[in-house]
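Comments concern the structure below.
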Amino acid sequence: FMLARSYGTPPVVNELFTSLEDARMSNSAPGEIWEAIISDLNFAKTNLPAQWDTDNTGRATSMASYALLGKVYLYRAQWMGNAADYGNALTEFSNVIGNFSLVSDFGDNFRATTENNAESVFEIQMTRGDFNPWLAVDFGLNENQNIGAAGTGRKIVTGASCHNGVCAPGANSHGYGQMHITLGLQNEFEPNDPRRVQTIYLDGDQYTEAGDIYSSDWSITGSTPSKYINPFVPEGFPNNWDGNNERIIRYSDVLLMAAEAELLGNNNVQQAADYINMVRDRARDYHQVLYGVPAPAGTLPPVAAGTVDEVFDALMHERRIELALEVHRYDDLVRWHRAGLINIATDIDFGNSIANSNWDDRHLLKPIPQSEIDLNPNLQQNPEY
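Last residue of the sequence shown: 387 (our numbering), numbering continuous.
Next up, the structure:
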């Protein structure tokens, strides 16, 4: 699925290669990779259990297969212009909806202490070997293996560092400051939306458990990510390793994808609005969890079942806020552009004038790496690269 979204028609490998020449495959036919993905996921949903025992928590389930298959159908509807796939997506999502719940504390979706919760449909289980995250866990001789550490470097990559000589506590050993929040995303949050605190840091926020206060001077845009790292914990060894699981599919994502399929496949504005409002209701109630008082009147008002265009605008906003920094945004923009729902070149501000002026339709696909083409002359480069 990642290959399909990135490269369009990469080779489809369904058997073990027995010779180097067999490995030099050509590009797949248009649509072939989507059929392969769907076949794999249909097999998975039939043969995986709905849940595992506690010793196997985190393994893929049939529920994860249904959710991913629904996502694939939703994407294919827009990539290939096949409206019937909206209905196929809803069929798969219907097996998931009602079997999970939105946790009351939005932040529990991103804490190491609340992994695999009731909202988690699938997440990557981070673990570790011994101590060195730059090495594989099986690095070394037989008598000296497991000195590597398998986990995520998210904490140090997204942790605030320095800007113009003004530094966060511990930078560059605590955070590399490699991600900055565009003004567009900063301004997208509605007033009093409590999800903002668990998504991005802004000036005056508490940054660490020790009480350090976040300064906008630490970032070129005045903001860096807080999702997965709020509060920032500089302790731990090694400091560039973190064991916090990567959430891949959350129940809120499934609800929003189901809303989209209902809206674009059935023109069902009421059901779409209902699914969106389930996500907004949780966010509004989270204000009480976070601050101990109900959200101010008018916070995150319900989405009305207006026109298809109005509800779609609300859906795009909700996906951007609810799923910010969870690696969905660009794929969303690409599929909506392919479906003629938006025009990335004119409708989207990437927060950088060079990116805005340089984007064109060839960027709907990535270039096949030249190293792969050098190794396999049967590969054809994507258009205009």
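Idealized CB from N, CA, C, for every residue including glycine.
Collapsing the DSSP output to three states places Asp255 in a helix. DSSP places Ile344 outside any beta strand (DSSP E), giving it a letter other than H or E. Closest option to Asn111, judged by alpha-carbon separation, among Glu324, Val235, Asn354: Glu324. The three-state reading of DSSP puts Pro227 in strand, counting E and B together.
For Val313, the enclosing alpha helix (DSSP H) has its first and last residue at 310-324.
Note: Glu125 is bridge-paired with Arg249 in the DSSP secondary-structure output.
Phe45 carries a helical assignment under DSSP once its states are collapsed to helix, strand and coil.
Straight-line spacing of the CA atoms in Asp24 and Ile350 works out to 43 Å. A straight line joining the alpha-carbon of Trp361 with that of Arg286 spans about 36 Å. The stretch 292-306 makes contact with the stretch 182-196: 3 or more CB pairs, one atom from each, lie closer than 8 Å. The DSSP-derived three-state label of Gly294 is coil. Separation of Met181 and Ser21 (C-alpha to C-alpha, rounded to the nearest whole angstrom) is 43 Å. In the DSSP secondary-structure assignment, Gln208 is bridged to Ile215. Here Gly33 has Met82 as same chain residues with Cβ atoms under 7 Å from its own Cβ, once five neighbours each way along the sequence are excluded.
The beta carbons of Thr11 and Ile35 sit about 7 Å from each other, so the pair counts as a contact at 8 Å. Between Ile202 and Ile183, the CB-CB gap stays under 8 Å. The count of Cβ pairs closer than 8 Å, one atom from the stretch 301-320 and one from the stretch 253-272, reaches three, so the stretches are in contact. Of the candidates Ser254, Val256, Val235, Val235 places its Cα closest to the Cα of Asn246.
Take Ala261, set aside five residues on each side of it, and the residues of its chain with a beta-carbon closer than 7 Å to its own are Ala274, Tyr277, Ile278, Leu317, in chain order. About 7 Å separates the beta carbon of Met128 from that of Glu248, a gap short enough to meet the 8 Å contact definition. If only complete runs of 4 or more residues are kept, the stretch 79-130 shows the alpha helix (DSSP H) at 86-95, in order along the chain. CA-to-CA, the gap between Tyr387 and Pro369 works out to about 6 Å. With a threshold of 16 other beta carbon atoms within 10 Å, Asn166 falls short and is exposed. The continuous alpha helix (DSSP H) containing Gln372 extends over residues 372-377.
With 16 or more other Cβ atoms from the protein chains shown falling within 10 Å of its own Cβ, Val336 counts as buried. Less than 8 Å divides the Cβ of Trp220 from the Cβ of Val168.
For Gly60 and Phe133, the gap between their C-alpha atoms comes out near 23 Å. In the three-state scheme derived from DSSP, where H, G and I count as helix and E and B as strand, Tyr68 is classed as helix. The alpha carbon of Tyr88 has as its nearest neighbour, out of Ser103, Ser218, Asn97, Gly72, the alpha carbon of Gly72.
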